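J.:
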Amino acid sequence: MKLAERIAQSQVTDDLGESKNIEDIADVDVVRACGVVANKYPIGVSVWRIKYSKDTKEIKTVVNYLIDFCMDKKLVTDRKQAQEIVKTTMKYWFDPICDNCNGLGFLKVTGAPMLSDQACIFCKGSGQTKLSLDDKAADAVLQHLNKLERVTASQIFTKLRD
């Protein structure tokens with residue numbers, strides 16, 4: 000099971016008992032690790048919870064953090080523009096799958112359970128959409144979200160190994 004799946008599962012588990020085998024990691028261990036990491040990287044853990052646990056309680060906090068990031072880095076001059084960039088970038092980051100081909104990259108053959116040899120015209124066969132804003136600010140927000148995800152994952156994994 001991937002770390003993201005394990006964290007998502009641990010966020011909604013009813014079983015917070017200790018593992019019987021000392022080598023195993025129980026859900027309570029993952030919750031503890033996330034708590035320790037959240038103390039130092041609260042936004043990173045919030046991003047993880049939104050993306051992987053579909054827990055949207057802290058979405059306003061993350062959006063406001065990213066708007067402030069845009070303003071502090073002087074990526075934009077207008078707060079309304081920053082809101083639009085953050086909204087579009089987060090939507091892309093959380094779900095980059097092409098709607099036309101459902102992430103398959105190729106079109107389905109009508110009436111048959113198989114794909115055609117024709118690449119999707121929207122994603123050009125990649126299965127993923129492109130960020131709709133061709134903008135340095137949007138790229139910076141996207142890179143910052145990716146960095147938050149990597150740093151948070153690294154910290155959680157490190158805590159789980161300790």
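If you're matching positions, the sequence shown starts at 0 in numbering that gives the first Met the number 0 and goes up one per residue.
Idealized CB from N, CA, C, for every residue including glycine.
Predicted model only: the values in this text are computed from it and were never measured.
Tell me whether ILE120 sits in a helix, a strand or coil according to DSSP, three-state version.
T.: The answer is coil: DSSP assigns ILE120 none of H, G, I, E or B.
J.: Find out if the Cβ-Cβ distance for the pair CYS119, LEU106 is shorter than 7 Å.
T.: In contact: CYS119 and LEU106 (Cβ atoms closer than 7 Å).
J.: Quick one: what's LEU205 bridged to in DSSP?
T.: This structure leaves residue 205 out entirely; the chain is present only between 0 and 161.
J.: Between the Cα of ILE58 and those of ALA111, ALA139, LYS90 and GLN80, spot the shortest distance and give me the residue it belongs to.
T.: Answer by Cα proximity: LYS90.
J.: Among all the DSSP beta bridges, which residues are the ones paired with GLN127?
T.: For GLN127, which the question treats as bridged, DSSP gives the partners ILE96.
J.: Would the region 73-85 and the region 95-104 be scored as touching if the rule is three or more Cβ pairs under 8 Å?
T.: Output reads no: the region 95-104 does not touch the region 73-85.
J.: Within 10 angstroms of the Cβ of ARG48, are there 16 or more other Cβ atoms? Answer buried if so, exposed if not.
T.: The residue in question, ARG48, is buried, as its Cβ has 16 or more Cβ neighbours within 10 Å.
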